[in-house]
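Quick notes on the structure that follows.
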Amino acid sequence: MTANNLMNLQQVNDMTRDAFVAAMGSVFEYAPWVAESAWEQRPFADSGQLHEAMLGLLRDSSRERILEFLAGHEDAQVTPAAIDAMTPDSRLEHISAGLHTLSPDQQTHVARMVREYRDRFGFACIIALRGRTADEFIALLEMRVASADLATEIDITLIEVGKITRMRLDRMVG
27 MTANNLMNLQ QVNDMTRDAF VAAMGSVFEY APWVAESAWE QRPFADSGQL HEAMLGLLRD
87 SSRERILEFL AGHEDAQVTP AAIDAMTPDS RLEHISAGLH TLSPDQQTHV ARMVREYRDR
147 FGFACIIALR GRTADEFIAL LEMRVASADL ATEIDITLIE VGKITRMRLD RMVG
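Numbering of the sequence shown is given in my numbering, commencing with residue 27 and proceeding in unit increments.
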């Protein structure tokens, strides 16, 4: 790692498969298979190509594998205790949007909406939180819960996963 804790691209390209998966496996939470498969596409010209390789592997997966990936994600959490129990990246993302400061009424509303979404679609409502406020998150959640089309929700969710994973990768590789 460099002085600013970023790996440079040469370090990434030179990693063994195991080292690459250990370093990059958390970019796509709960899916180290994405990093393992992406390793075979080295060398990467830049972090954008690395991200596109990883995201492309997910997008090009079978619908069943995509749904399995999405279903494995945690639902958005809005109580301080629940946020504290999340993975480090998810915790930082929830706090950055101010979800840990919602009122009890807002927490109840979000919890209900999150359950409705999962019940309807079978996976968590994934929304990129960095750069968004709690109010923006709630508005997006309400809009997504009202959606009636699974295919559209999968597409929207993969766009949000792309935003989240790009931000995570940018914090790792410079």
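Here a beta-carbon is modelled for each residue, glycine too, at the ideal position from N, C-alpha and C.
Predicted model only: the values in this text are computed from it and were never measured.
Output needed for residue i: all residues of its chain with C-beta closer than 7 Å, excluding positions within five of it in sequence on either side, in chain order.
| i | result |
| --- | --- |
| residue 121 | 109 |
| residue 156 | 119, 122, 193 |
Which residue or residues does DSSP assign as beta-bridge partners of residue i?
| i | result |
| --- | --- |
| residue 50 | According to DSSP, residue 50 bridges with nothing at all. |
| residue 38 | In DSSP, residue 38 forms no bridge with anything. |
| residue 199 | 33 |
Please identify the residue among the options whose C-alpha is closest to the C-alpha of residue i.
| i | options | result |
| --- | --- | --- |
| residue 166 | 136, 193, 189, 42 | 136 |
| residue 62 | 34, 69, 51 | 51 |
| residue 197 | 148, 74, 162, 125 | 74 |
| residue 13 | 115, 200, 81 | Outside the displayed range of the chain (27 to 200) lies residue 13, so it cannot be described from this structure. |
| residue 144 | 97, 65, 44 | 97 |
| residue 171 | 105, 150, 89 | 150 |
| residue 7 | 174, 59, 133 | Given that the chain is displayed from residue 27 to residue 200, the structure contains no residue 7 and the question cannot be resolved. |
| residue 128 | 111, 57, 106, 94 | 106 |
| residue 177 | 168, 148, 156 | 148 |
| residue 90 | 200, 190, 180, 199 | 180 |
Give the DSSP-derived three-state secondary structure of residue i in the structure shown.
| i | result |
| --- | --- |
| residue 33 | strand |
| residue 74 | helix |
| residue 104 | coil |
| residue 154 | coil |
| residue 129 | coil |
| residue 134 | helix |
Between the alpha carbons of residue i and residue j, how many angstroms are there, rounded?
| i | j | result |
| --- | --- | --- |
| residue 139 | residue 48 | 34 Å |
| residue 231 | residue 71 | Any question about residue 231 goes unanswered here, given that the chain covers just 27 to 200. |
| residue 186 | residue 87 | 17 Å |
| residue 195 | residue 53 | 6 Å |
| residue 56 | residue 99 | 7 Å |
| residue 39 | residue 154 | 27 Å |
| residue 104 | residue 111 | 11 Å |
| residue 60 | residue 84 | 7 Å |
Quick one: residues in its chain with C-beta nearer than 6 Å to the C-beta of residue i, no 5 flanking neighbours on either side, listed in chain order?
| i | result |
| --- | --- |
| residue 192 | 77 |
| residue 102 | 140 |
| residue 188 | 81 |
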